[in-house]
Each structure stands twice: as structure tokens, then as C-alpha cells.
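As C-alpha cells, the structure follows; a few thoughts come after it.
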Amino acid sequence: MNKTRLLAVIILASILLLAPKASALTAEEIIERVDNNHYVEQARMESELVIKTDRKEMTKELIIYLAGNSALVEFTNATDKGTKYLMIEDDLWISFPDVDDPVRISNRMLEQGMAGSDFSYQDLMEQEQLLELYDFEIIDHQEYQGRASYLIEGVTKDGVNNSYYRRKLWVDQERFVYLKEELYSREGRLLRTIEAEEVEQFGKRWYVTESLIDYKLRSGSKTLFRVTGIDFEPDISEEIFSLQGLK
Amino acid sequence: MFLVRLAIRNLTRNKKRTLLVALIVAFGIAFFVMFDSLVLGLERNYYNNVIDFESGHLQLVDDNYWTTQAELPLSDLIAIDDELQQSLAQVPELKSYAPQIRFSANINNGLDELPITAVGVDGDRKKDVFKLEEHLVAGELFSADQSGAVLGENLAQLMDFEIGDYLLLVFTTQEGAFNTLEVEIVGLVNTPNPQINEHQVYIPYHKASTALNLKNKATEVILRLENNNVIKAKEFIKDNIIAGADDYGVYTWRDSAQDIVAITEVHSIENRIISSLFLLIAAVGIINVIILAALERIKEIGMMKAMGMKEEGIIKVFMIEGLGIGLIGSLLGSLMGGVGVYWLSNFGIDLTGAIDSDFGLPVIERTYGVFNPSAFTLIITFSIVISLLASIFPAYWAACKSPIDALGGTN
Numbered sequence: 001m002n003k004t005r006l007l008a009v010i011i012l013a014s015i016l017l018l019a020p021k022a023s024a025l026t027a028e029e030i031i032e033r034v035d036n037n038h039y040v041e042q043a044r045m046e047s048e049l050v051i052k053t054d055r056k057e058m059t060k061e062l063i064i065y066l067a068g069n070s071a072l073v074e075f076t077n078a079t080d081k082g083t084k085y086l087m088i089e090d091d092l093w094i095s096f097p098d099v100d101d102p103v104r105i106s107n108r109m110l111e112q113g114m115a116g117s118d119f120s121y122q123d124l125m126e127q128e129q130l131l132e133l134y135d136f137e138i139i140d141h142q143e144y145q146g147r148a149s150y151l152i153e154g155v156t157k158d159g160v161n162n163s164y165y166r167r168k169l170w171v172d173q174e175r176f177v178y179l180k181e182e183l184y185s186r187e188g189r190l191l192r193t194i195e196a197e198e199v200e201q202f203g204k205r206w207y208v209t210e211s212l213i214d215y216k217l218r219s220g221s222k223t224l225f226r227v228t229g230i231d232f233e234p235d236i237s238e239e240i241f242s243l244q245g246l247k
Numbered sequence: 248m249f250l251v252r253l254a255i256r257n258l259t260r261n262k263k264r265t266l267l268v269a270l271i272v273a274f275g276i277a278f279f280v281m282f283d284s285l286v287l288g289l290e291r292n293y294y295n296n297v298i299d300f301e302s303g304h305l306q307l308v309d310d311n312y313w314t315t316q317a318e319l320p321l322s323d324l325i326a327i328d329d330e331l332q333q334s335l336a337q338v339p340e341l342k343s344y345a346p347q348i349r350f351s352a353n354i355n356n357g358l359d360e361l362p363i364t365a366v367g368v369d370g371d372r373k374k375d376v377f378k379l380e381e382h383l384v385a386g387e388l389f390s391a392d393q394s395g396a397v398l399g400e401n402l403a404q405l406m407d408f409e410i411g412d413y414l415l416l417v418f419t420t421q422e423g424a425f426n427t428l429e430v431e432i433v434g435l436v437n438t439p440n441p442q443i444n445e446h447q448v449y450i451p452y453h454k455a456s457t458a459l460n461l462k463n464k465a466t467e468v469i470l471r472l473e474n475n476n477v478i479k480a481k482e483f484i485k486d487n488i489i490a491g492a493d494d495y496g497v498y499t500w501r502d503s504a505q506d507i508v509a510i511t512e513v514h515s516i517e518n519r520i521i522s523s524l525f526l527l528i529a530a531v532g533i534i535n536v537i538i539l540a541a542l543e544r545i546k547e548i549g550m551m552k553a554m555g556m557k558e559e560g561i562i563k564v565f566m567i568e569g570l571g572i573g574l575i576g577s578l579l580g581s582l583m584g585g586v587g588v589y590w591l592s593n594f595g596i597d598l599t600g601a602i603d604s605d606f607g608l609p610v611i612e613r614t615y616g617v618f619n620p621s622a623f624t625l626i627i628t629f630s631i632v633i634s635l636l637a638s639i640f641p642a643y644w645a646a647c648k649s650p651i652d653a654l655g656g657t658n
């Protein structure tokens, strides 16, 4: 009888101890949910890029069209009106209103800040799902911005070409959006941080609509990216993702 | 001989007019030889810059890389193995060779960034392949087993760097991942090549290779020869080193300087056009002088014809006069041009301010002229022929005058 009771206690204790672990999400499952929220197959975004330096603050307004591996960025603020960036796969073009033909941005320019912001052109070109790029691991549970979050680290998968070799994400445990991201070089130096300033719900999807990007290698400069309007099911003509469409 | 003496006498009748037209010819000649000397000097400077700081005498590269090298890609690289290195050591008249990795990077001082070209090169070989050591203005060049960075003095000033400071290079690896490299500045150079001074940072080859994850591959191998006999070395490499490698090619420094070859050719054409304009003006002047001489001596011509001188003789007199003006102009032009070329060759001219805007040749050192005898021969011959040709028509016009009309004074 004692043996039976002991066995029952052990089984019960095991269930109690193991049950939460069995139901806890793995790093991959968490990132999959983040991807479900953050990755957009197709979208039209109206947004603002606020570039803040020690000396001045510039606001650029832009409309972004996304579809698969293609993206078109069209500036609409008075100073840059008509300037467009077109990305198709790994190639990036820029067109100016006064210039007839678009100019291909040389590969050697992709590391430069886009329009003077803390984004690089290369950042603009990264549109893959995180799960395809990194092997993830939960390294801690922390409170960030007053919200319970998973601290997850991703290291680039073998054979994958990717801008940031390592990244850390603080993922909101309830909404599955990143609250903060740290992006590291291959050598391990922190290059950029992205902090979510505003998160909004669109149907079932939570989406970061305001984020602050800080290029850590240049002091006195930060860039706020604010989505002022987003349509996840836009009717986008394929023609806009062509060089003809840029003219 | 009589005709020659007569022509000389006629030329000396109106010395000022003769001298004036000869001076126009002289200016054309002087301008041509001096400009030619300057362009050759600039060309020599630039070619030396290419050889001494960019391409060496020969470059061994992948053919695909050669066509896209302006973008500094990290694809289509040369595998540096022992076999290749042993073969390269056999190249005739080789002074040294150096595998090199050129890649685009941002130089960062914590406050700001600038796009530059970073060059990973073996520290010891660099001294033999490039002439950086003699243009060192502070610090030293790193050796093969050392770390450190060498950059242009101008770039260092722009980024507020000094010897001993650490610079940060930000770049992307072959796989497209951002990477950084922090290196201590050990040397500053001030070369005649503005590209080196303003846009280039040298770091050790092994550091670049590791940071870019290139696994012992280089973007190119630079070869420096004991002399400029590139053909022999090029043929040797083609036949013995890359014969089995279809993708590899060997290119001379002249191939690297194609743009400049084109620019100097344009300058040469410009020079010829401007000189031709001078000579055209001189030709009009000569025609004018001969016509004036003919008008002034119309009665004399009539008398000579009446005394039995043939038209052919009269034409010869006037042609000798034209030739005389050409010869005087050539003599004066050679003297003026010779003095100018001597001055350019010995004292040089500082074209730093004018080079980018007017000449398009990236050199920033004082430019010294080159004495080019063939330029003198060419322009003198051309001037004399022009002078002779310019005198034919007015001479013929004068010779065709009827003796009666000429003696009567009608034109």
C-alpha cells in the first residue's frame, strides 16, 4: 500500500513538475508566432521616417509596397517627393524625379545609411522570415517595458546568407511581437538596436507600428520608423516592381 | 640660287610683317611641344601611380572579377595555395608578388562613418610591391605578423585620427553578414595618388581574410617586376601558371589604366586641334603676306616676266618666301618650345587645382614635362608643309599676271 501511495505521489509530482514544461513554447515556436505577426507577404504601408541627430530632426514620409521578395519605397514629403527605391531580389535601384533612368545601387553602397537614417540599404532588403535565417534559443525570461518577455538569441544557420550573424530579441509573451532587438556583427559587436515604441492589433495580428532604430556605431543619431497606415491585403499591380514602373 | 636670294631679299623688305606671321607659326609650334610635354608628364605620373600604388606591373585575377571589380565584389576570387605561390616565384624578372583582398568598408570613428576601400595585404610583401614606405609621413608599415592599419594622411585628418588611435571598419563578409574590425593605426602615408590618401585603408592580409571569411582566397595577386617588361612575364604566367585555369586572367597595368589612356588620347587630340588652329591662322597670314608681296611687287613681276622669267620661276620665288616664313617660324617656335619644355622638365608645374576639373587625371604631385623629340619633328614638318602649301595659291595668282597688265599697274 505504501508502495502504491509512493508511486502515486511520484507520478503526481512528475505531472505537476513536467506539465508546465511540456506546454511551454520552444524558441522556434515563439519565433514562428513572431514571424506570423511581423512577416508580411504583401502590404502597402504609409509611414514616416524621423531622423534625429544632435543638430536637427528630419521627417521623411514614404509609402512602402511589399510583395514577396520585392519592395518599392516612394518618398512623398516635399524635399524628397518622387524619389523611389526599388528592390527586386538582391538588387536595389534608386530613381529621382529629375533623372530619366533609375540608378542601380552598387553592392558596395548597401552598407550605407538609407537617406541618412540609421537603416542601411541592406536592412531594407531583408525580408525573410526569421525562422528561416537563425537557430534560436531561449536564454532568459525578463520583464521589458513592463511586459513579460522571452529573451531569445538567434545565430545564423549554417549555409544561410544573412546581414546580422547574431541577434537577440525580447519577445512579448502575450502578443508575440518583439519589444527590442539587438543586432550583432559576426565579430560580436552590437551594431543596431530596434525598440518597439508602439504595437497595434490588426484583426488577429499584432504589429509594431512605431520603432526606434539606433545605429550604435554612430553617436548622436537615432531613427524613428512610424507606420501611419497599413493595408495587409492591398491590390498591388506587379508592374510597380519593375524598372519601367520606376520611371 | 638666284631665286633663293631673291626670295630672301623679298622677305627682308618688310621685316615686321614677316616676323609677325612667323611668330604665329612659332606660337603654334611652342604650344604644341609644351602641351605635349605636359601631357606626357602627367601620363607618366599617373602610370607610375597606377603601378606603384594600385596594380603593380601585372595582376592575376579571375576574369569575372576583372569586369566587376569597380563594385569590389567578394566573389570570383583567386585561391592562394602553395602551388600557385611556388609558380609565381618563377615569373621572369619578378621583384615580388602579393595576394591582396580589396573590399568596400565604412571607416568609423564612433561619431561618423565614411565609405572607403579597405585593402588586406601581406605586410612584408607590400613594401616590395607598392611604394608606400617612401611616402610614409608618420609611424611605420605593419609587417607580415603584425596587426595595424595604414591609411592616407588626408583620410586620417578627416576622421580626426592619429597614430595609436583605433579605427573601426564596418563591412559585409562574403556571405553578406555585417562584420567589424577594430585596428590600431600604425602608419600614415601621403602619396602622389589621391585615391590612396583619401579613400584607402591597408590592413594585414590575414586579418582581412579572417574577418571576411574568405578561407585563403584573394581578390587579386599583384606582381611587381624588376623592370617594365610586362610582356615576357605575362606570357610566362599565361603559359605556365594559368594555362589550365580558364577563369583566371593576367592583366597589365595598362589594362588597369584604360580610362586614363582614353583621357590622354583625348588630350593629345585637343593639343593637335589647338595647334592646327594656330597653324591655320598662320597659313592665312602666309597667304596674306604673299598676296601683299605680290601686289606690292606687281610691276616688278611684270618686268621680270617681260625680261623672260617664266611663271614657274615666279611661283618658286613666292613659294620659297612661304617656306622661309615657315622655317623662321619653326626656328623661333623650336627655341620658344625648347625653353618651355626645359623649364617644364626641370621645374615642373603644380596642376593640383586644375587636374580634377580640366585634366581628369588623378595625380596630386608636381608635374614635370617630358622632352619628346618626335613632337618637335612632327610639328616642325607639319608647319613647313603648311607654309609651303599656303604660298602656292597666291604665288600662282601672282605668276599668272600678264606682263602688260602688271607693268600697267592693273590688278
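Each protein sequence line maps, in turn, to chains A and B.
To convert, note that position 139 of the first sequence is 139 in my numbering; the numbers rise steadily by one, no gaps.
To convert, note that position 361 of the second sequence is 608 in my numbering; the numbers rise steadily by one, no gaps.
Even for Gly, the Cβ is constructed at its ideal location relative to N, Cα and C.
Here DSSP, grouped into helix, strand and coil, assigns residue 42 of chain A to strand. The closest CA to that of residue 32 of chain A, considering only A/154, A/228 and A/213, is found on A/154. For residue 111 of chain A, the C-beta contacts it makes with chain B under 8 Å involve 351, 352, 353, 362, 417, 418, 419 and 425, in order along the chain.
Per the coordinates, the alpha-carbon of residue 71 of chain A lies some 25 Å from the alpha-carbon of residue 321 of chain B.
Contact residues of the region 164-179 of chain A toward chain B are 164 and 165 (C-beta to C-beta distance below 9 Å).
Contact note: residue 218 of chain A reaches chain B through 355, 357, 358, 359 and 360, using a C-beta cutoff of 9 Å and chain order. With fewer than 16 neighbouring CB atoms inside 10 Å of its own CB, residue 141 of chain A falls in the exposed class. The C-beta distance from residue 124 of chain A to residue 160 of chain A rounds to 19 Å, too long to fall under 8 Å, and the pair is not in contact. Within the region 367-414 of chain B, the runs of beta strand (DSSP E) at least 3 residues long that lie entirely inside it are, in chain order, 383-386 and 396-399. Note on residue 297 of chain B: 16 or more other CB atoms within 10 angstroms of its CB, so buried under the neighbour-count rule. Linking residue 43 of chain A to residue 314 of chain B through their CA atoms gives a straight-line distance of about 38 Å. Here residue 386 of chain B is not near residue 450 of chain B, since their CB atoms are 8 Å or more apart. Here residue 350 of chain B is bridged, per DSSP, to B/365. Closest in alpha carbon position to residue 384 of chain B, among B/264, B/410 and B/460, is B/410. Under the 8 Å Cβ criterion, the region 409-424 of chain B does not count as touching the region 168-184 of chain A, having fewer than three qualifying pairs. Beyond the five residues adjoining it in sequence on each side, residue 427 of chain B comes within less than 7 Å, by CB distance, of 415, 416 and 417 in the same chain, given in chain order. Between residue 339 of chain B and residue 479 of chain B, the CB-CB gap stays under 8 Å.
Taken through DSSP and simplified to helix, strand or coil, residue 205 of chain A comes out as strand.
Between the region 542-557 of chain B and the region 279-291 of chain B there are fewer than three inter-stretch CB-CB distances shorter than 8 Å, so the stretches are not counted as touching. Following the DSSP letters along the chain, one finds residue 268 of chain B inside the alpha helix (DSSP H) bounded by residues 262-296.
The three-state reading of DSSP puts residue 450 of chain B in strand, counting E and B together. Residues of the region 36-66 of chain A with a C-beta less than 9 Å from any C-beta of chain B: none at all. For residue 422 of chain B, the nearest CB of chain A lies under 8 Å from its own CB, placing it at the interface with that chain. Neighbourhood of residue 69 of chain A in chain B, by CB distance below 7 Å: empty, with the nearest CB roughly 15 Å away. Residue 392 of chain B and residue 508 of chain B have their C-alpha atoms spaced approximately 38 Å apart.
Bounds of the beta strand (DSSP E) holding residue 431 of chain B are 425-436. When secondary structure is reduced to three states using DSSP, residue 142 of chain A falls in the strand class.
Contact residues of the region 301-331 of chain B toward chain A are 318, 319 and 320 (C-beta to C-beta distance below 7 Å).
Between the region 113-128 of chain A and the region 216-230 of chain A there are three or more inter-stretch CB-CB distances shorter than 8 Å, so the stretches are counted as touching.
For residue 583 of chain B, the uninterrupted alpha helix (DSSP H) run begins and ends at 558-594, by DSSP. Bounds of the beta strand (DSSP E) holding residue 91 of chain A are 91-95. When DSSP states are grouped into helix, strand and coil, residue 81 of chain A belongs to the coil group. For residue 428 of chain B, at least one C-beta of chain A is nearer than 8 Å to its own C-beta.
In this structure, residue 431 of chain B sits near residue 395 of chain B, with a CB-CB distance shorter than 8 Å. Annotation for residue 185 of chain A: 165 and 191 place their beta carbon closer than 7 Å to its own, counting only its chain and skipping 5 residues before and after. Chain B has no Cβ within less than 8 Å of the Cβ of residue 77 of chain A.
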